[in-house]
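One structure is given below, encoded as structure tokens.
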Amino acid sequence: MSKSALRTTDFLDQLATELQAVRNITARRFRPLSDDQLNRRPATDKWSVGQCLEHLNIVGGHYLPTILRKLKQAQERGSRPAETVKSGFFGRKLIDAMRVPASEKPLKSPQQYAPSGSRLPRTVVEVFGRQLDELLNIVQQARSINANAVRIPNPIIPLLYLRLTDQLEFIVAHVQRHVAQAERVLDSTNRP
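Here the sequence shown is numbered in UniProt numbering, starting from 1 and rising by one per residue.
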């Protein structure tokens, strides 16, 4: 999504639109699922819908508190919004890798972000919905600061700090990737 000279407001509007689309999918397709549908796996080595969402909840649990803390620090410093979005080299590489469809290039999740169980409670959907709301709030707050200047530490590669703009785009791409995976699981396990 990021291109040189992309206006910050347009960038954040696009992220909000993409998150709202995921929120709609969640309400329409995942909230009505029974426990059995939520936990049904297409194969023993494949994740269920619930596991896809739990993975996103785990990742969000690592990133969102740090992002909120960094946002607050930037606001307290009196940071002002930049006119355009800048993307870093490593951020762009990670985003591009995440945007490749899973059917073309599956990615292995680090063990600490893997879903914990095979039988998950329905609360996994509610937690995911709350995280989407929190992400939308973060995107809104990012409008008031220079998101290019805020650096977010990467929990997997400790020496890597991404610009907040790259981190937000990466998280949204990651969410979209796993929601699409959950939809494929749902479609494949609901066939007669």
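Every residue gets a Cβ at the ideal spot worked out from N, C-alpha and C, and that includes glycine. Remember, it's a predicted structure, so these values are computed and weren't measured experimentally.
From the listed residues F90, T123, L168 and L186, the smallest Cα separation to L12 is found for L168. Judged by their CB atoms, Q112 and I58 are nearer to each other than the 9 Å cut-off. Contact check for Y63 against P158 fails: the beta carbons are separated by 9 Å or more.
When DSSP states are grouped into helix, strand and coil, P121 belongs to the coil group.
Here P42 is not bridged, per DSSP, to any residue.
As the crow flies, the alpha-carbon of A74 is around 37 Å from that of P121. CA-to-CA, the gap between A142 and L6 works out to about 15 Å. Counting only residues of its own chain and dropping the five nearest sequence neighbours on each side, G60 has a CB closer than 7 Å to the CB of Q131. A114 sits exposed, since fewer than 16 C-beta atoms from the chains shown fall within 10 Å of its C-beta. Per the coordinates, the alpha-carbon of K46 lies some 12 Å from the alpha-carbon of H178. Just so you know, the alpha carbons of R99 and E76 end up roughly 34 Å apart. Of the residues assessed, F89 falls on the exposed side of the cut-off, its CB having fewer than 16 other CB atoms within 10 angstroms. Judged by their CB atoms, I95 and A173 are nearer to each other than the 9 Å cut-off.
Within the segment 124-182, the complete beta strand (DSSP E) runs of at least 3 residues fall at 151-153 and 161-163.
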